[in-house]
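Notes for the one structure printed next.
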Amino acid sequence: MNEKVQEKMDYALRGTPQVKLEERNLFLTTIAERIFFALTLTQVQRNGLYDEIIQTMEKEKDLQLFINGHLPYSTYSKYVKIANSKGIRFTITTPNYPTPFGLVLATERRAIDLEQIFIEDEWYERDMEEHRS
Numbered sequence: 004m005n006e007k008v009q010e011k012m013d014y015a016l017r018g019t020p021q022v023k024l025e026e027r028n029l030f031l032t033t034i035a036e037r038i039f040f041a042l043t044l045t046q047v048q049r050n051g052l053y054d055e056i057i058q059t060m061e062k063e064k065d066l067q068l069f070i071n072g073h074l075p076y077s078t079y080s081k082y083v084k085i086a087n088s089k090g091i092r093f094t095i096t097t098p099n100y101p102t103p104f105g106l107v108l109a110t111e112r113r114a115i116d117l118e119q120i121f122i123e124d125e126w127y128e129r130d131m132e133e134h135r136s
């Protein structure tokens, strides 16, 4: 059977293959090359907002906010309100795989390939340690 026919059959049976599936499972359906910041579950749940997230929402265009649906609404509502006021789309996703991340701020379509996408405070360190265990 020719390769193109086999490829079409595979798509028909299994659907279009997901690109970077492990990254998408980790980062709430987006990929690392599009991410400005990824906050852990505890970072989202703590009181207060991260200035880095707010400043990026104010400055950048073509953003999307990805939120872990396992979190209570009250813990991320402050970010949703700001996103709404800035016209930033948001998606609440309920991951089927373990992830330490509660919120991801990313571009919708373009790669930015930032070296540092984490805010490495005490909450980040704690969540990363728990996730490695």
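For the sequence shown, position 58 (counting from the first letter as 1) is numbered 61 according to my numbering, and the numbering increases by one without interruption. Glycine is no exception: its CB is placed at the ideal position from the N, C-alpha and C atoms.
Among the options, which one has its Cα closest to the Cα of residue i?
i, options, result
"S136", "P101, G72, I122", "P101"
"H73", "M60, Q67, N50, T43", "T43"
"Q46", "I70, D65, G90", "I70"
"P98", "L24, R129, K7, Q9", "L24"
"I120", "Y79, Q9, I34", "I34"
"T32", "V107, Y79, G90, E6", "V107"
"R92", "E123, Y127, E111, H134", "E111"
"P103", "I56, R27, E55, K89", "R27"
List the endpoints of the continuous beta strand (DSSP E) containing residue i.
i, result
"L66", "66 to 71"
"T45", "It is not in any beta strand (DSSP E) - T45 instead sits in the alpha helix (DSSP H) that spans 44 to 48."
Determine the direct distance from the alpha carbon of residue j to that of residue i, and round the result to whole angstroms.
i, j, result
"S77", "N50", "10 Å"
"Q58", "F39", "11 Å"
"E36", "K81", "25 Å"
"D130", "V22", "26 Å"
"D65", "T94", "14 Å"
"E63", "L29", "23 Å"
"T96", "M60", "20 Å"
"A109", "Q67", "5 Å"
"E132", "L52", "22 Å"
Would you list the one or two residues that DSSP bridges to residue i?
i, result
"R92", "Q67"
"F40", "L108"
"F137", "Because the chain in this structure spans residues 4 to 136, residue 137 falls outside the shown range and cannot be described."
Hey, quick one: how far does the alpha helix (DSSP H) through residue i stretch, first residue to last?
i, result
"T59", "54 to 62"
"R113", "First-last for R113: undefined, no H or E at that position."
"N5", "Note, N5: premise wrong, no alpha helix (DSSP H); not H, not E."
"L29", "24 to 29"
**Request:** Report yes or no: do the segment 73 to 87 and the segment 115 to 131 share at least 3 C-beta pairs separated by less than 8 Å?
**Result:** no
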